[in-house]
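> Residue numbers (full-length UniProt numbering): 1 to 514.
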Ligand code: 5AD
Ligand code: SF4
């Protein structure tokens with residue numbers, strides 16, 4: 001179906017819906033929007049992968065829409081992961097090309113977009129809270145456009161709820177529809193009905209979207225989209241579609257561009273970066289090959305996230321061990337330390353193979369810091385199984401961990417599992433895990449007291465504008481006093497005091513390091 005046909009059908013669907021609603025014969029929302037909205041469906045989603053992904057290099061905001069936003073301001077509120085941060089930069093770029101200006105205040109915004117996260121229920125609750133707040137503002141300023149995008153808009157239940165309870169929302173669009181923003185924004189401004197466009201199809205790769213990057217020190221570089229791993233608790237494979245890798249030459253050009261523009265650090269992004277290249281049919285090329293090329297570009301620091309242990313191969317380890325601008329920090333989500341739970345999660349590795357992989361990485365990169373993600377309270381997790389997680393954390397001596405209580409996500413296999421673990425027990429497990437994680441983190445920080453470390457100065461610290469904050473190559477947060485002119489520079493800092501989650505330090509002359 002081409003764009004024109006799709007649009008026509010969408011209009012028909014909307015009209016049928018509006019008529020049924022008027023006559024009180026409204027059916028479930030998904031019954032109407034066949035072309036623009038298909039709910040997440042594991043069976044269907046697993047059938048992915050056969051059709052080719054097209055790469056488009058010709059995106060442009062149409063000439064006729066370049067003044068749509070003239071005299072108007074937008075604000076994008078981003079929730080969730082770096083991928084959403086990245087997408088928000090694209091949306092901001094598009095809106096700027098449409099003539100909008102950006103603002104940091106909701107009071108003078110004409111357009112407010114909520115770029116949402118669906119990974120856990122509390123992330124969704126936060127967004128619904130915000131949608132609720134905006135209701136009063138919409139009542140006072142009916143011309144305000146409120147849009148909901150990102151991962152939550154890919155969920156049928158969320159779209160239904162917004163349709164039924166939050167008529168103040170003007171626009172809903174999905175993660176595969178970002179390039180459609182000029183048309184959607186124009187429709188939202190012109191239409192009295194809620195504009196909804198959520199494609200469940202995987203989406204092509206749109207290379208030439210405009211980009212308004214936040215900051216000039218660190219840049220996100222997306223290397224792939226989607227995830228095909230289908231861990232049983234995770235909604236990402238449904239909200240972000242199948243794995244699609246960007247062409248290496250496009251990624252390398254983007255990194256070169258950032259280097260030329262003075263960026264000091266880039267982070268290569270993907271839901272599962274270790275699967276990079278598997279879908280590139282015409283070449284045998286993986287993350288290791290890509291990093292080996294990026295290593296040669298004159299940019300001081302290169303990070304990557306997120307890894308899946310299953311696809312972390314020896315070639316990548318070999319390349320990372322070359323160091324240089326490839327920093328020694330490995331984020332390797334483990335999720336659980338118990339083999340039965342790992343199996344139920346469909347992680348497809350064991351505790352033993354994870355530890356063995358970490359050992360290989362540590363051997364090649366002895367100074368690397370290790371961080372991880374852990375879920376406690378997966379359905380029916382026993383005390384013994386949880387203790388396996390504790391013992392793994394102890395054995396791995398992580399530098400820091402992101403820890404979560406399992407949150408059932410509609411449409412995922414784990415959400416159908418019965419769960420006999422009371423919430424208080426899950427909360428207590430999280431508390432016990434965090435206690436261990438914090439102790440380890442404090443211990444790791446203590447070990448660098450007195451050391452001189454290279455720090456990339458990111459800006460003022462969150463707590464005190466007189467203090468600057470930056471990160472070491474190993475991703476430790478350091479606070480220190482220095483002139484503001486240091487922001488964006490790589491400097492050397494002597495660590496004077498270790499805290500649980502951060503370090504305090506004093507700037508030293510580089511000469512002292514030698
Ligand atoms: N419940 C709790 N945590 C989750 N994560 C992903 N899905 C869920 C869920 N349903 C966590 C995983 C993942 C991180 C980004 O979020 O630990 O690595
Ligand atoms: Fe979710 Fe990550 Fe598993 Fe993909 S690899 S399904 S994003 S937890």
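Ideal Cβ placement from N, Cα and C applies to all residues, glycine included.
Quantities reported herein were computed from a predicted structural model and do not represent experimental measurements.
Checking contacts by CB at 8 Å: is residue 279 closer than that to chain C?
The structure shown contains no chain C; it is built from a single protein chain.
> By a C-beta neighbour count over all protein chains shown, 10 Å radius and 16 as the cutoff for buried, is residue 218 buried or exposed?
buried
> For residue 429, which of 468, 387 and 465 has the nearest alpha-carbon?
387
> Does any heavy atom of ligand 1 sit closer than 7 Å to the C-beta of residue 406?
Within the cutoff, so yes.
> Any idea what DSSP makes of residue 196, helix, strand or coil?
strand
> Taking Cβ to Cβ, would you say residue 112 is nearer than 8 Å to residue 162?
no
> Using the three-state DSSP reduction, which class does residue 134 fall into: helix, strand or coil?
helix
> Contact check, residue 172 vs residue 148 under 8 Å by CB: the rounded distance?
Indeed they touch by this definition, with Cβ atoms about 5 Å apart.
> Following the continuous alpha helix (DSSP H) through residue 454, name the residue where it begins and the one where it ends.
Looking at the DSSP string, residue 454 is not in any alpha helix (DSSP H); the run it does join, the beta strand (DSSP E), is 452-460.
> Are there any heavy atoms of ligand 1 lying less than 7 Å away from the beta-carbon of residue 120, as far as the coordinates show?
yes
> Taking all protein chains shown into account, decide if residue 34 is buried (16 or more other Cβ within 10 angstroms of its Cβ) or exposed.
Only weak support exists for where residue 34 lies, its pLDDT of 48 falling under 50; the value from the coordinates is given anyway. It is exposed - the Cβ of residue 34 has fewer than 16 other Cβ atoms within 10 Å.
> Would you check if the distance between the CB atom of residue 100 and the CB atom of residue 209 is smaller than 8 Å?
no
> Look at residue 212 and residue 75 and say whether their C-beta atoms are less than 8 Å apart.
no
> Determine the burial state of residue 23: buried for a count of at least 16 other Cβ atoms within 10 Å of its Cβ, exposed for fewer.
Around the Cβ of residue 23, a 10 Å sphere holds fewer than 16 other Cβ atoms; the residue is exposed.
> Given that a residue counts as buried once 16 or more other Cβ atoms are within 10 Å of its Cβ, and exposed if not, what is residue 283?
exposed
> Around the Cβ of residue 87, are there at least 16 other Cβ atoms within 10 angstroms (buried) or fewer (exposed)?
buried
> Sorted by chain position, which residues of the same chain lie with C-beta nearer than 7 Å to residue 339's C-beta, five sequence neighbours on each side aside?
350 and 351
> Assign residue 105 to buried or exposed, taking buried as 16 or more other Cβ atoms, counted over all protein chains shown, within 10 Å of its Cβ.
exposed
> Which residues have their C-beta within less than 7 Å of a heavy atom of ligand 2, listed in chain order?
227, 229, 230, 231, 234, 236, 237, 271, 272, 306, 308 and 333
> Mind checking residue 505: buried by the 16 CB within 10 Å criterion, or exposed?
buried
> Going by beta-carbon coordinates alone, are residue 302 and residue 280 separated by less than 8 Å?
no
> Under three-state DSSP, which class holds residue 386?
Three-state DSSP puts residue 386 in a helix.
> Enumerate in chain order the residues of its own chain whose CB-to-CB distance from residue 514 is below 6 Å, with the five nearest sequence positions on each side excluded.
With a pLDDT of 39 at residue 514, under the threshold of 50, the predicted position of this residue should be treated as unreliable, though the coordinate-derived value follows. Counting only Cβ-Cβ distances below 6 Å, and skipping sequence neighbours, we find nothing.
> Quick test of your reading: residue 235 and residue 409, contact by CB under 8 Å. State the CB separation rounded to the nearest angstrom.
4 Å
> Taking Cβ to Cβ, would you say residue 223 is nearer than 8 Å to residue 55?
no
> Answer yes or no: do residue 448 and residue 400 have a C-beta to C-beta separation smaller than 8 Å?
Contact: no.
> Note down, in chain order, each residue of its chain lying with its Cβ closer than 6 Å to the Cβ of residue 385, except the 5 sequence neighbours on either side.
338 and 341, listed in sequence order.
> Mind checking whether the beta-carbon of residue 373 lies closer than 7 Å to any heavy atom of ligand 1?
yes
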